[in-house]
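2 protein chains.
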Amino acid sequence: MFKLSKKADYGLIAVKHLAMHRQEHACSANEIADEYGISVTLMAKVLQRLAREGVVVAKHGSTGGYQLAKDPGQVSALDVISAIDGPVLITSCVTSHGNCETTERCSVREPLRRVNESILGVLSTVTIAQMSEDTNERALVALSGPMRSGSHMSSS
Amino acid sequence: MFKLSKKADYGLIAVKHLAMHRQEHACSANEIADEYGISVTLMAKVLQRLAREGVVVAKHGSTGGYQLAKDPGQVSALDVISAIDGPVLITSCVTSHGNCETTERCSVREPLRRVNESILGVLSTVTIAQMSEDTNERALVALSGPMRSGSHMSSS
DNA sequence: GCAAGTCCGACTAAATTAGTCTTATTATAA
DNA sequence: TTATAATAAGACTAATTTAGTCGGACTTGC
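Sequences listed follow chains A and B, in order.
The numbering used here applies: residue 1 is where the first sequence begins, and numbers increase by one.
The numbering used here applies: residue 1 is where the second sequence begins, and numbers increase by one.
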């Protein structure tokens, strides 16, 4: 399809959570997973991947957990997504070395490469800090009423 | 991941081919698949999907084949992709009715929805006509030399 | 030193996607 | 009218990707 993997999704949730508890203690995978009703082991897996890629830092031991490695304003959604899923490429053809078997005859490659860069641009623009701000707004709205339908129509 | 499906890829190739042979006879699935070295049956499957969605029109019979339903300038990459893969949604949460189990607690939904719309915007901007133009440029360049590496660095 | 709690990496299972095969339908051409 | 060449559609298999699990290693605190 054209979808973010669930892991990347969880990764964004986790990183956002860490951003909002930045000044406090390190958050364990257990704590985060519990808060959002996600499988603990799966969340742990996502976090350790983020740690390996340097997005978060892990602290071992009984009081351990994870913390953001950088300032929330310095971490983009693209950083998180590509840390978990690898480089964002909308087609296999787009990769630097990648030539699919259709190679020279395939003329959609160049236009798609341009589209790919646009998407990278969008994703790298959005920072964790922005996503956290947005959360606060929504939380306030949620307090004033349930607000189910309406207010968001997708342009299909 | 975050990748276009192969079928969508093939769909774009096929539609582009049809755009470039617009004034001529209808192109059969066999002809297109052969030209790009793709499995005939798979290409047929992709084309019949595009026909069902109204992107191309099918002509039965011995001199039959496929033709573009609209002007190449009126068909966007998004039209082709969503015809084959369904609506483009970067997360399952983004859908109109869709509430993942994390529902209210998940605060990444709104920011991601915005990102999703940006991507839709990019994809709907690119038309088949543009992609065909681009092809012609590349063909000319290909004549003057192999040109392998260089000229495109991805921002990773 | 010992125990509790955490991270880490390899492994297995499930779901999605890619691709194939077969049969039916349609329209042209002889 | 009959043969031929094309699309249409569905079931089916295989491969890849993604989701989720398990046991081991490490660090802290008692």
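Backbone N, C-alpha and C define an ideal beta-carbon position, used for all residues, glycine too.
None of the values given here were measured: they were computed from a predicted structure.
### Query
Can the beta-carbon of Ile13(B) be found closer than 9 Å to that of Leu68(B)?
It is not a contact, given that the beta carbons lie outside the stated cut-off.
### Query
Quick one: Cα of Ser132(A) to Cα of Lys59(B), how far?
Ser132(A) and Lys59(B) have their C-alpha atoms spaced approximately 53 Å apart.
### Message
Using a 10 Å radius around the Cβ and a threshold of 16 neighbouring Cβ atoms, would you call His173(A) buried or exposed?
### Response
Outside the displayed range of chain A (1 to 156) lies residue 173(A), so it cannot be described from this structure.
### Message
Tell me which residues of the segment 78 to 92 of chain B have at least one Cβ-Cβ distance to chain A shorter than 9 Å, keeping chain order.
### Response
Listed by position along the chain: Ile81, Ser82, Asp85, Gly86, Pro87, Val88, Leu89, Ile90, Thr91 and Ser92.
#### Entry: Runs of beta strand (DSSP E) lying entirely within the segment 7 to 76 of chain A, each at least 3 residues, in chain order
Complete beta strand (DSSP E) runs here, min 3: 56 to 59 and 65 to 68.
### Query
Using DSSP with H/G/I as helix, E/B as strand and the rest coil, what is Thr91(A)?
Looking at Thr91(A) - three-state DSSP - the assignment turns out to be coil, as it is neither helix nor strand.
### Within-9 Å CB hit, Ala44(B) to chain A
No - not a single Cβ of chain A is within 9 Å of the one on Ala44(B).
### chain B contact for Leu123(A) (CB, 9 Å cutoff)
Yes, Leu123(A) lies at the interface with chain B (some Cβ there is under 9 Å from its Cβ).
### Task
Taking 8 Å as the threshold, find out whether the segment 32 to 46 of chain A comes into contact with the segment 1 to 9 of chain B through three or more Cβ pairs.
With the cut-off at 8 Å, the segment 32 to 46 of chain A and the segment 1 to 9 of chain B do not touch.
### Interface residues of chain A facing Leu12(B) [CB-CB closer than 8 Å]
Per Cβ cutoff of 8 Å: Val108 and Leu112.
#### Entry: Euclidean distance between Cα positions of Glu117(A) and Val75(A)
About 18 Å.
### Query
How would you label Asp34(B), buried or exposed, when you count the other beta carbons within 10 angstroms and need 16 or more for buried?
Note on Asp34(B): under 16 other CB atoms within 10 angstroms of its CB, so exposed under the neighbour-count rule.
### Inter-residue Cα distance where the pair is Ala77(B) and Val56(B)
Straight-line Cα distance between these residues: approximately 13 Å.
### Query
Nearest chain A C-beta to Ser39(B) closer than 9 Å, yes or no?
No - not a single Cβ of chain A is within 9 Å of the one on Ser39(B).
### Query
What are the start and end residues of the alpha helix (DSSP H) that includes Thr125(B)?
Unbroken alpha helix (DSSP H) run through Thr125(B): Arg109 to Thr125.
### Message
Taking 9 Å as the threshold (beta carbon to beta carbon), is Ser156(B) in contact with chain A?
### Response
Confidence at Ser156(B) is low in this model, with a pLDDT of 34, below 50, so the placement of that residue should be treated as unreliable; the coordinate-derived value is given next. Flagged as an interface residue toward chain A: Ser156(B), by a C-beta distance shorter than 9 Å.
### Straight-line gap, Tyr66(A) to Gln130(B) (C-alpha atoms, nearest Å)
Here the C-alpha atom of Tyr66(A) lies approximately 47 Å from the C-alpha atom of Gln130(B).
#### Entry: CB contact check: Gln130(A) to chain B, cutoff 9 Å
Interface residue, yes.
### Query
Does the distance from the C-beta atom of Gly11(A) to that of Val88(A) stay below 9 Å?
Using a Cβ distance threshold of 9 Å, Gly11(A) and Val88(A) do not count as a contacting pair.
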